[in-house]
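Count along the sequence shown from 1, add 1428, and you get the number used in our numbering.
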Amino acid sequence: MWKGEFGKEYTDRNALSLGEMETLYKRYYGISRTEMNLKFLQDINHSIQILEVGSNIGNQLLCLQKMGFTDLSCIELQSYAVELSKTRTKGINIIQGSALNIPFKDEYFDLVFISGLLIHISPSNIEKVLDEIYRCTKKYIWGFEYYADEYTEINYRGQSNLLWKTDFPKLFLDRFRNLRLDREEHIKYLNNDNVDVMFLLQKRNDA
């Protein structure tokens, strides 16, 4: 569904400028996305190789680029979003691809990140996607996703089997014994009781 008209409609609904996205974050959380990012990335070298999995129109990458990160790549399943993101960005390597089969070599990137991707991966496929993310990074996994203590399906625009929330950093930590949690922050919405989680994981070479 994400590759077809349903996915295109999602992209059109969320085709915000970077400034509009920052304003939306402040309205939802009381803090901009850039301010969130600084809490997790301010001590990381800005020349590292970064991959976003599930980039849609590229706003998260534009945000990182504005912060000074220079070596940015992404994959996106939906061809419409890929073409749109190419018109909105400069100096970012954009490839159409699936999180189930990321088209890069093992440990090719220093940091792989996801933002609102894992929530749309079926529990039957989540381990494969976690494996691919883990495989492609040599050091960091950074994420921002919906949070719940247990796997919970959410009806999405009248559709089932499209949206879930759970403790995604715990899924990584339970699956890969050489990952450590560097930082985790639960971020509550201002106007409801929903919570998102931002997390930074790091591979331990001594494990």
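All residues carry an ideal CB built from backbone N, CA and C; glycine is no exception.
Where residue i sits in the DSSP three-state scheme
i: A1635; result: Confidence is the limiting factor: at A1635 the pLDDT is only 49, short of 50, which leaves the residue's position unreliable and the question unanswerable from this model.
i: H1548; result: helix
i: K1567; result: strand
i: R1605; result: coil
i: S1543; result: strand
i: Q1587; result: strand
i: S1460; result: coil
i: N1487; result: helix
i: N1465; result: helix
i: Y1575; result: coil
i: E1448; result: helix
i: Q1470; result: coil
i: L1505; result: coil
i: M1495; result: helix
i: K1436; result: helix
i: K1431; result: coil
Beta-ladder partner(s) of residue i, from DSSP
i: E1581; result: W1592
i: L1500; result: I1478, I1520
i: L1629; result: I1569, L1609
i: K1616; result: V1623
i: F1537; result: T1565
i: N1529; result: S1526
Minimum C-alpha distance to residue i - residue among the options
i: R1563; options: R1441, P1531, N1589; result: P1531
i: M1626; options: L1512, R1516, E1613; result: E1613
i: P1551; options: L1591, G1519, S1513; result: L1591
i: R1605; options: G1525, K1631, N1622, G1586; result: K1631
i: T1580; options: N1484, Y1568, V1623, R1441; result: V1623
i: I1485; options: Y1584, I1554, K1467, Y1438; result: Y1438
i: S1543; options: K1533, L1489, K1598; result: L1489
i: F1641; options: T1515, G1586, F1541, I1561; result: Past the edges of the chain, shown from 1429 to 1635, lies residue 1641, and the structure says nothing about it.
i: T1462; options: N1620, G1519, D1595, K1494; result: K1494
i: N1465; options: S1483, G1496, A1443; result: G1496
i: I1569; options: L1607, Y1584, G1586, K1533; result: L1607
i: N1589; options: R1603, I1554, L1618, N1620; result: I1554
i: W1430; options: F1572, Y1584, E1448; result: Y1584
i: K1454; options: Y1617, Q1587, N1473; result: Y1617
Integer Cβ distance of residue i from residue j, believed to fall under 8 Å
i: I1547; j: Y1574; result: 5 Å
i: A1576; j: K1593; result: 4 Å
i: L1539; j: F1600; result: Actually they do not touch by this definition, with Cβ atoms about 14 Å apart.
i: A1527; j: E1560; result: 6 Å
i: K1436; j: Q1506; result: 7 Å
Short CB-CB distance (under 8 Å) between residue i and chain C
i: K1566; result: Absent from the structure: chain C. Only one protein chain is present.
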